[in-house]
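Chemist: If you're matching positions, the first sequence starts at 1 in the UniProt record's numbering and goes up one per residue. Glycine included, every Cβ here is placed at the ideal spot set by N, Cα and C. Small disclaimer: the values here were computed from a predicted structure and weren't measured.
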Amino acid sequence: MEHQKVRVRFAPSPTGGLHLGGVRTVLFNYLFARKHKGDFVLRIEDTDQTRYVEGAEEYILECLRWCGLNADEGPHVGGPYAPYRQSERKELYRQYAEQLVKDGYAYYAFDTPEELDEMRTRLKTEENPSPQYNHIVRAHMRNSLRLLPEETAALLATGTPHVIRIKMPANEEISFTDMIRGDVQFNTGTVDDKVLLKADGMPTYHLAVVVDDYLMKISHAFRGEEWLPSAPVHIMLWRYLGWQNHMPQWAHLPLILRPDGNGKLSKRDGDRLGFPVYAMNWKDPRTGDFTKGFREMGYLPEAFVNMLAMLGWNDGTEQELFTIEELIEKFSMERVHHAGAKFNIEKANWFNHQYIVKADNQRLAQLFMPVLKEKGVQASEEYVATIVGMVKERCNLVNEIWDHGFFFFQQPENYDLSPVKPKWNADKRQFFLDWASVLETLSDFSLHSVEESFKQLATSMNIKVGELQLPFRIMLCGGKFGPPVFNIAETLGKHETIARIMKALTLLDA
RNA sequence: GCCGCGUUGGUCAAGGGGUUAAGACGCAUCCCUUUCACGGAUGAAUCACGGGUUCGAUUCCCGUACGCGGUACCA
Numbered sequence: 001m002e003h004q005k006v007r008v009r010f011a012p013s014p015t016g017g018l019h020l021g022g023v024r025t026v027l028f029n030y031l032f033a034r035k036h037k038g039d040f041v042l043r044i045e046d047t048d049q050t051r052y053v054e055g056a057e058e059y060i061l062e063c064l065r066w067c068g069l070n071a072d073e074g075p076h077v078g079g080p081y082a083p084y085r086q087s088e089r090k091e092l093y094r095q096y097a098e099q100l101v102k103d104g105y106a107y108y109a110f111d112t113p114e115e116l117d118e119m120r121t122r123l124k125t126e127e128n129p130s131p132q133y134n135h136i137v138r139a140h141m142r143n144s145l146r147l148l149p150e151e152t153a154a155l156l157a158t159g160t161p162h163v164i165r166i167k168m169p170a171n172e173e174i175s176f177t178d179m180i181r182g183d184v185q186f187n188t189g190t191v192d193d194k195v196l197l198k199a200d201g202m203p204t205y206h207l208a209v210v211v212d213d214y215l216m217k218i219s220h221a222f223r224g225e226e227w228l229p230s231a232p233v234h235i236m237l238w239r240y241l242g243w244q245n246h247m248p249q250w251a252h253l254p255l256i257l258r259p260d261g262n263g264k265l266s267k268r269d270g271d272r273l274g275f276p277v278y279a280m281n282w283k284d285p286r287t288g289d290f291t292k293g294f295r296e297m298g299y300l301p302e303a304f305v306n307m308l309a310m311l312g313w314n315d316g317t318e319q320e321l322f323t324i325e326e327l328i329e330k331f332s333m334e335r336v337h338h339a340g341a342k343f344n345i346e347k348a349n350w351f352n353h354q355y356i357v358k359a360d361n362q363r364l365a366q367l368f369m370p371v372l373k374e375k376g377v378q379a380s381e382e383y384v385a386t387i388v389g390m391v392k393e394r395c396n397l398v399n400e401i402w403d404h405g406f407f408f409f410q411q412p413e414n415y416d417l418s419p420v421k422p423k424w425n426a427d428k429r430q431f432f433l434d435w436a437s438v439l440e441t442l443s444d445f446s447l448h449s450v451e452e453s454f455k456q457l458a459t460s461m462n463i464k465v466g467e468l469q470l471p472f473r474i475m476l477c478g479g480k481f482g483p484p485v486f487n488i489a490e491t492l493g494k495h496e497t498i499a500r501i502m503k504a505l506t507l508l509d510a
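1) Could you check whether the stretch 358 to 365 touches the stretch 384 to 401, counting it as contact only if at least three pairs of C-beta atoms, one from each stretch, sit closer than 8 Å?
2) Our contact map puts TYR355 next to GLU296 with C-beta atoms below 8 Å; I'd like the distance itself, whole angstroms only.
3) Roughly how far, in whole angstroms, is the beta-carbon of residue 513 from the beta-carbon of GLU73, given that I think they are within contact range, below 8 Å?
4) Assuming VAL377 and GLY298 are in contact, meaning their beta carbons sit under 8 Å apart, how far apart are those beta carbons, in whole angstroms?
5) Could you spell out where the alpha helix (DSSP H) holding LEU311 opens and where it closes?
6) Drop a sphere of 10 angstroms on the beta-carbon of MET1, count the other beta-carbons inside from all chains shown, and report buried for 16 or more, exposed for fewer.
7) Looking at C-beta atoms only, is the number of pairs between the stretch 194 to 203 and the stretch 162 to 171 that lie closer than 8 Å three or more?
8) For VAL6, which residues from the same chain have a beta carbon less than 8 Å from its beta carbon, with the 5 sequence-adjacent residues on both sides left out?
9) Measure how close the beta-carbons of LEU311 and ALA341 come, nearest whole angstrom, since I'm counting them as under 8 Å.
10) Can you tell me whether ARG51 is helix, strand or coil according to DSSP?
11) CA-CA distance, LYS464 and TRP350?
12) Excluding sequence positions up to five away, which residues of its chain have a Cβ less than 8 Å from the Cβ of GLN49?
13) If we require 3 or more residues per run, which beta strand (DSSP E) segments fall completely within the stretch 82 to 132?
14) On the criterion of 16 or more Cβ atoms from any shown chain inside 10 Å, does LYS423 qualify as buried, or is it exposed?
15) Is DSSP giving ASN281 helix, strand or coil here?
16) With DSSP run on the structure shown, which of helix, strand or coil describes MET1?
17) So what's PHE40 in DSSP terms, helix, strand or just coil?
18) What's the gap between the Cα of GLY274 and the Cα of ARG85?
19) Nearest to THR190 by alpha carbon, out of LYS102, ILE328 and SER130?
20) Tell me the rounded alpha-carbon separation between LEU468 and LYS428.
21) By the three-class DSSP mapping on this structure, what secondary structure does LEU257 have?
22) Any idea what DSSP makes of ILE387, helix, strand or coil?
23) Could you give the C-beta distance for ARG264 and PRO276, rounded to a whole number, given that I count them as a contact under 8 Å?
24) Can you tell which of ASP103, GLN4 and ALA170 has its C-alpha closest to the C-alpha of LEU241?
25) Here's the rule: buried if 16 or more other CB atoms are within 10 angstroms of the residue's CB, otherwise exposed. What is SER144?
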C-alpha cells in the first residue's frame, strides 16, 4: 500500500460546462500526480442517464487540453484500465452489489418512488425535515430485510424493479484521515442506507466510485468538500468489499465560494456579477443557454491555472506567480487551506495581466486575431504584434487590446474634444497646419524625427510642447488614452497621421 | 432538525503560546509620465464571541454564534 504507485483521477459527470472549481480539482490532481511521478486518470461518471448532456465530455477534454492538464488515461486515450466511462462498465458493478447482499452488507429494496415519497412525507416533522431511509426506517419498508426470503425471491423472480441499498450499521464510530483536515469522525447511525445499484441497473456514485477506484488502483482520491458527508458510506463499502487495505488516501478540497455573500460559486453568480465561471464557452444543447468562458473572455491558460492554484493553496512564501513546473515541484496537499475561498475576479485579472505583460507579442497577436476579425478589421499578424507590444501593459485581458488600441486599426469615430476645446486657439491651429506640411517633407518618419520636428516647430512658434501633445493625442486616438503619442504617429505612418490631423482640425473648427 | 466542515483586514492569505500579526489584490494619497497604464512611496483596514489552561493567548482546550456542505434510484 505505502509503496504503491501514485494514481489519481478526476471523475466528472458530463452534465454541462466545466466549473472553475472543477478545473482546480483537475489541477490539484495533476500537480500531485506529476510531483509523485504518478498517473493521472480521467474517468467519466455518466451513471445518471437522465442528466447526460451531449458534448459535455468533449468539452471537458478540451478544457483540460486548453489548460495543459491532460490526463494520462481516459476515454480519449484509453489505458490499461479501460473502459473509462462508467456507462460502459455498467455490467461490472452488479456483481459487487450482489456480493454485498450475499454477505449481508446490503439488501434489495422494492419500494417504489411513490412509496419512498409517502414515507418521507409521513415521517417529516419540523424536527426532522428530511427523513432518511436508515436503520430504523428500513424495518418498515419493502425490502429483503423485512420480507420473508420466499417473498423476496418471488419479487425477484417476477422482475420487480428494485434497487440495492447498503445496510449501514446502527451505531458505529468510524474515522479516516483526510490529507487536508486530519482526522474526521462519523457515526454510521447518522447516515442512511444509500442506494448502491439503481433500478435501471446502473450503479450510483457511491458504488461506482469505490469499485472503480479499487479496480483502477487509485492511490489518492481528491474531491470537493461536498463529498465529506458521504465518506462514511464509502469507507463501509471499502470494508464490506474486503478492500480495506487498498483504500486510497482522501483529500476533500475546500469549496470555491461566491464573491458576495456565501455559498458555492455557481454559473448563475457569474452571469449575475458579470464574470466567467466556466473554463470555456458553453452552450447547453438542451436549453440553448450560453455561458461565457475564461478562454473566450481573454484569459491566458497559464494565468488561469496559476490563479486557481492560489485559490486555497500557497507554498508558505510570498511567491504568487508560479510556472507549472514550479507548482509541480512545490505543491503539497497538506498546505491546502481548510476553509472555502471566495472567488475574486479582480485578483484573477491581476494574474492575467501579469502573464499578458510577460507573453510573447506574436502569440498575443494570434490570440487577438479572432477579436479583430469580429470587428471586421483586416491586419497582418506582424502589425498586430507591434500594436500588442505597445498596449499590452494596460490590458488585463487579451480582448482588451481592442479597447486600448482600436485607433491603430481605424480612425476614431468619436472624439473627446473637451480637454482641448477650452484652450484651443488660432496659434495652436496654425501650429498643426504648419506641422502637417513639415511632416509631409519628412523622409524619415521615425519616432525621433517626428518628435524632433514637433518640438522644434513648437519652440519656434513659442508654444509649450506640453500644450500641444494632448491635442495631438486626441487627433490620433480620439481621447485621452493610448501609448506615447509619437509612437502612435510612427506606427500609423505619415499619410494616416497627417490625415487624422486634418480631419480633427475641421472638427475643432466646427 | 440532524450530521460534518469551517471562521486572521473588503478579498486571497502567512504565522502559530511572547511578533510593530507578513505579503498580494482592491482602495486612497503622493511621485514618475503634460493621456492612460507600468513602476515607486505612503496610508486606511484583520485574529467572530465567551469561558478556561498559562506568567502570557490570535495561536492550545471547551462552549456559543455565524457561515457553508450534506441529508435523492444527482454527481
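Modeler: Here's the rundown:
1) Yes, the stretch 358 to 365 touches the stretch 384 to 401.
2) Walking along the first sequence from the start, residue 355 turns up at place 355. Walking along the first sequence from the start, residue 296 turns up at place 296. 17 Å between Cβ atoms; not a contact.
3) The structure shown has nothing for residue 513, since the chain only spans 1 to 510.
4) For the purposes of this step, residue 377 is taken as the residue at position 377 of the first sequence. For the purposes of this step, residue 298 is taken as the residue at position 298 of the first sequence. In fact, because the Cβ distance is near 17 Å, the residues do not count as touching under 8 Å.
5) Along the first sequence, one-based indexing puts residue 311 at 311. Per DSSP, LEU311 belongs to no alpha helix (DSSP H) and is neither H nor E.
6) Taking the first sequence and counting its residues from 1, one reaches residue 1 at position 1. Low confidence applies to MET1: its pLDDT is 47, below 50, so where it sits in the model is not reliable, and the reading given next is rough at best. Under this definition MET1 is an exposed residue.
7) yes
8) Residue mapping note: residue 6 aligns to position 6 of the first sequence, counting from 1. These residues qualify, in order along the chain: PHE32, ALA33, HIS36, LYS37, GLY38, ASP39, SER219 and HIS220.
9) Residue mapping note: residue 311 aligns to position 311 of the first sequence, counting from 1. Residue mapping note: residue 341 aligns to position 341 of the first sequence, counting from 1. Approximately 5 Å separates the beta-carbon atoms of LEU311 and ALA341; this is inside 8 Å, confirming the contact.
10) Taking the first residue of the first sequence as position 1, residue 51 is located at position 51. Three-state DSSP puts ARG51 in a helix.
11) The residue labelled residue 464 in the question sits at position 464 within the first sequence. The residue labelled residue 350 in the question sits at position 350 within the first sequence. The alpha-carbon atoms of LYS464 and TRP350 are separated by roughly 38 Å.
12) Looking up residue 49 in the first sequence gives position 49. If we look at GLN49 and ignore the five residues flanking it on each side, its Cβ neighbours are SER87, ASP200 and MET202.
13) 106 to 109
14) On the first sequence, position 423 is the one that residue 423 refers to. Exposed is the call here.
15) Taking the first residue of the first sequence as 1, we reach residue 281 at position 281. Residue state, collapsed to three classes: coil.
16) As a working mapping, residue 1 is identified with position 1 in the first sequence. Annotation note: pLDDT 47 at MET1 (below 50); position unreliable, coordinate value reported separately. If DSSP states are grouped into helix, strand and coil, MET1 belongs with coil.
17) Stepping through the first sequence from its first residue, residue 40 is reached at position 40. Reduced to three states, the DSSP call for PHE40 is strand.
18) As a working mapping, residue 274 is identified with position 274 in the first sequence. As a working mapping, residue 85 is identified with position 85 in the first sequence. The straight-line gap from Cα to Cα measures roughly 34 Å.
19) Start at 1 with the first residue of the first sequence, and residue 190 comes out as number 190. Ranking LYS102, ILE328 and SER130 by Cα distance to THR190 puts SER130 first.
20) Within the first sequence, numbered from 1, the residue matching residue 468 stands at position 468. Within the first sequence, numbered from 1, the residue matching residue 428 stands at position 428. Cα to Cα, the separation comes out at about 7 Å.
21) Within the first sequence, numbered from 1, the residue matching residue 257 stands at position 257. Strand, per DSSP.
22) The sequence position of residue 387 within the first sequence is 387, counting from 1. DSSP places ILE387 in helix when its eight states are reduced to three.
23) As a working note, residue 264 is residue 264 in the first sequence. As a working note, residue 276 is residue 276 in the first sequence. Just to set this straight, residue 264 is Lys in the shown sequence, not Arg. Contact flag wrong, Cβ pair sits at about 16 Å.
24) Position 241 of the first sequence holds residue 241. Looking at the Cα atoms, ASP103 is the closest of the given residues.
25) Taking the first residue of the first sequence as position 1, residue 144 is located at position 144. SER144 comes out buried.
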